[in-house]
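Below: the structure, in structure tokens.
Number of protein chains: 2
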Amino acid sequence: MITSTGNQQMKEIVQLQKKSKARCKQRVFVVEGPKMVFEVPKEQLVSLYVSESFLQDPDAEHKLKMLGCSYETVSDSILKSVSDTKTPQGILAIVKMPSYTLGDLYGAFSQTGKEGAAPHLLVLESIQDPGNLGTILRTGEGAGISGILMNRTTVDLFHPKVIRSTMGSIFRVPFYIADDLQAAVRQLKESGIQVYAAHLDGRACYDQMDYRLGCAFLIGNEGNGLTPELASLADAYIRIPMEGNVESLNAAIAAALLMYEVKRQRR
Amino acid sequence: MITSTGNQQMKEIVQLQKKSKARCKQRVFVVEGPKMVFEVPKEQLVSLYVSESFLQDPDAEHKLKMLGCSYETVSDSILKSVSDTKTPQGILAIVKMPSYTLGDLYGAFSQTGKEGAAPHLLVLESIQDPGNLGTILRTGEGAGISGILMNRTTVDLFHPKVIRSTMGSIFRVPFYIADDLQAAVRQLKESGIQVYAAHLDGRACYDQMDYRLGCAFLIGNEGNGLTPELASLADAYIRIPMEGNVESLNAAIAAALLMYEVKRQRR
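Sequences listed follow chains A and B, in order. Residue numbers 6 to 272, in the working numbering, belong to the letters of the first sequence in order. Residue numbers 6 to 272, in the working numbering, belong to the letters of the second sequence in order.
In structure tokens:
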């Protein structure tokens, strides 16, 4: 049993929790809590740590066997010290990052059982709030999107808070982090995907367009919206109507309304 | 100029930031940052504090005059020490809590210029995340709701994080905090308002109901959903369809989809 913060594996977990660079270099990230750990695809599971208390649950051994991965026991206090949450839930995994090409997001959808379905993409430009990014993935899975593109100045997708707020969608929603987001959007357009910018200058109401064919939505930074350079690539600007003195909606809320409008039209 | 954390007013601000009880007792709360402070209705402004740096902006004096309230200057470091944010924006106000009756939320809408409009309400049961509650108010104003009801175990509406994420909607969206939420919902029903529960057991898809007449939506706690007692008061259970392995949507996202569906139908 691991009982010291000096343990090499514990030190590594702390680095992976805190540092984007450490995660990037090793291409792994940390997942906490039984709900999410039991959703990790087997082939992505690298290592598994459980607390003494967790093992006292009569179902624990059985559940851990299902994961098909050996585990290390850690004292409750040490697991707490390497956890990113205030109330850790006794189980933590190191997990390989999934990897997709841009083509995976809008090409054949056999992976998701949606072969032949029209692509439905989200393009995020410099979203900063981890909760927003995680919630967008979670909602996106619910709305049946085919994938999410983002630029490198979007908050790190593998930040512990992002992972937590995806509620497991991180394992299932294809994503692509573009070095050049404008080039990626041009590639979508060349593939026949209609690109819409959620924009305060939009004239068309978001529910007055036809989204039954391939479509992608550009969503901008929380404070500043889309850069003119990216917005100019859109085939149309659309807006979500707002009453009162509201200047804009939260980015995750705007994305949700657009994604569910697509879903509504395609039902 | 205030230059000490020992100053009585600074001590009071710290209490108001940290303690729900202090806010409740005095019926005031703290608002930070120019965007929100300049939206405070004049009659609610109790006192105003600005940092030395803030006053160096050439427009500052003019803007402060518009507020029609005298202000105290505070050294930058002291304002930072009483701020709830990491990067305070140099202006902070103590503001009187608005107060509404339950009838205000669904009765005459002359206040909001919506006289005669059908009520459109949200009923929140024990929402715990401050960001969710603030975002729900912000989105609610955008969707044109007539008001929000909540129970006492919902996170404090005047918590600094809630206030921040309302982006000013706290000053404009009528709310009612019920000692007995079930009794309040019964009162809505007696007034002819249709009550819908957002519920995983819902059979009807949320966009298949007619919301053009008075309606209210019950939204449950993030982890546990609605209590059976409150849910049983609903005229109908509705569900938001979800693909993939998504078990539920974030509470603010679910509320947004419902509120904007009402708006779509009423346009």
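By construction, the Cβ of each residue, glycine as well, lies at the ideal position given by its N, Cα and C atoms. No experiment lies behind these values; they were computed from the predicted model shown.
Would you give the residue range spanned by the beta strand (DSSP E) that residue i belongs to?
{"i": "residue 122/B", "result": "Where residue 122/B is concerned, there is no enclosing beta strand (DSSP E), given that its DSSP letter is neither H nor E."}
{"i": "residue 239/A", "result": "Run containing residue 239/A: none; DSSP gives neither H nor E here."}
{"i": "residue 35/B", "result": "33–37"}
{"i": "residue 97/A", "result": "96–101"}
Taking the alpha carbon of residue i as the reference point, which residue from the options has its own alpha carbon closest?
{"i": "residue 180/A", "options": "173/A, 202/A and 155/A", "result": "155/A"}
{"i": "residue 347/A", "options": "248/A, 14/A, 189/A and 268/A", "result": "The structure shown has nothing for residue 347/A, since chain A only spans 6 to 272."}
{"i": "residue 197/A", "options": "124/A, 76/A and 272/A", "result": "124/A"}
{"i": "residue 7/B", "options": "80/B, 46/B, 45/B and 270/B", "result": "80/B"}
{"i": "residue 194/A", "options": "218/A, 177/A and 256/A", "result": "218/A"}
{"i": "residue 103/B", "options": "168/B, 97/B, 140/B and 37/B", "result": "168/B"}
{"i": "residue 303/A", "options": "160/A, 170/A, 32/A and 226/A", "result": "With chain A covering only 6 through 272, there is no way to say anything about residue 303/A."}
{"i": "residue 27/A", "options": "164/A, 241/A and 70/A", "result": "164/A"}
{"i": "residue 74/B", "options": "203/B, 200/B, 100/B and 94/B", "result": "100/B"}
{"i": "residue 122/B", "options": "151/B, 35/B, 109/B and 97/B", "result": "151/B"}
{"i": "residue 183/A", "options": "157/A, 191/A, 52/A and 259/A", "result": "157/A"}
{"i": "residue 255/B", "options": "59/A, 87/A, 174/A and 48/A", "result": "174/A"}
{"i": "residue 48/A", "options": "224/A, 72/A, 258/A and 130/A", "result": "72/A"}
{"i": "residue 148/A", "options": "262/B, 30/B, 271/B and 25/B", "result": "262/B"}
{"i": "residue 265/A", "options": "191/A, 10/A and 127/A", "result": "127/A"}
{"i": "residue 135/B", "options": "143/B, 112/B, 142/B and 160/B", "result": "160/B"}
{"i": "residue 223/B", "options": "241/B, 50/B, 162/B and 212/B", "result": "241/B"}
{"i": "residue 45/B", "options": "60/B, 56/B, 62/B and 68/B", "result": "68/B"}
{"i": "residue 88/B", "options": "20/B, 138/B, 61/B and 107/B", "result": "20/B"}
{"i": "residue 77/A", "options": "244/A, 112/A and 59/A", "result": "59/A"}
{"i": "residue 10/A", "options": "57/A, 34/A, 52/A and 84/A", "result": "84/A"}
{"i": "residue 244/A", "options": "220/A, 214/A and 70/A", "result": "214/A"}
{"i": "residue 131/B", "options": "153/B, 110/B and 111/B", "result": "153/B"}
{"i": "residue 185/A", "options": "57/A, 176/A and 129/A", "result": "129/A"}
{"i": "residue 112/A", "options": "259/A, 220/A and 166/A", "result": "220/A"}
Using a cut-off of 7 Å between C-beta atoms, extract the partners of residue i located in chain A.
{"i": "residue 261/B", "result": "258, 261 and 262"}
{"i": "residue 265/B", "result": "262"}
Could you list which residues in chain B have their beta carbon closer than 9 Å to that of residue i, in chain order?
{"i": "residue 146/A", "result": "247, 248, 249, 250 and 251"}
Kindly list, in the order they appear in chain B, the residues whose Cβ is closer than 7 Å to that of residue i.
{"i": "residue 269/A", "result": "212"}
By the criterion of Cβ-Cβ separation under 8 Å, what are the contact partners of residue i in chain B?
{"i": "residue 177/A", "result": "249 and 250"}
Could you check where the alpha helix (DSSP H) with residue i kicks off and where it finishes?
{"i": "residue 135/B", "result": "135–148"}
{"i": "residue 263/B", "result": "256–271"}
{"i": "residue 108/A", "result": "107–111"}
{"i": "residue 251/B", "result": "Element bounds for residue 251/B: n/a, residue is neither H nor E."}
{"i": "residue 23/B", "result": "13–23"}
Tell me, please, whether the CB atom of residue i is closer than 8 Å to any CB atom in chain E?
{"i": "residue 221/B", "result": "Absent here is chain E; the protein component of the structure consists of chains A and B."}
May I ask whether a heavy atom of the ligand FAD can be found less than 7 Å away from the beta carbon of residue i?
{"i": "residue 212/B", "result": "Here there are no bound small molecules, and the ligand FAD is not part of this structure."}
Problem set entry | Residues from the stretch 224–258 of chain B in contact with chain A, defined by Cβ distance under 9 Å | Listed by position along the chain: 245, 246, 247, 248, 249, 250, 251, 252, 253, 254, 255, 257 and 258.
For this session: With 9 Å as the limit, tell me which residues of the stretch 197–216 of chain B have their beta carbon closer than that to any beta carbon of chain A; keep them in chain order.
Result: Result list: 210 and 212.
Exercise. Counting only runs that start and end within the stretch 157–227 of chain A, where is the beta strand (DSSP E) found for 3 or more residues in a row?
Worked result: Here the runs fully enclosed are 180–183, 199–203 and 220–224.
For this session: Give, in chain order, every residue of the stretch 130–156 of chain A whose Cβ lies closer than 8 Å to some Cβ of chain B.
Result: If the cut-off is 8 Å between Cβ atoms, the stretch 130–156 of chain A has 136, 140, 143, 144, 146, 147, 148 and 149 near chain B.
Problem set entry | Secondary structure, beta strand (DSSP E): runs of 3+ residues fully inside the stretch 39–80 of chain A | The DSSP assignment places 50–56 and 77–79 as complete runs of the beta strand (DSSP E) inside the stretch 39–80 of chain A, in order along the chain (cut-off: 3 residues).
Exercise. The stretch 162–195 of chain A: which residues have C-beta closer than 9 Å to a C-beta of chain B, in chain order?
Worked result: The residues in question are 170, 172, 173, 174, 176, 177 and 178.
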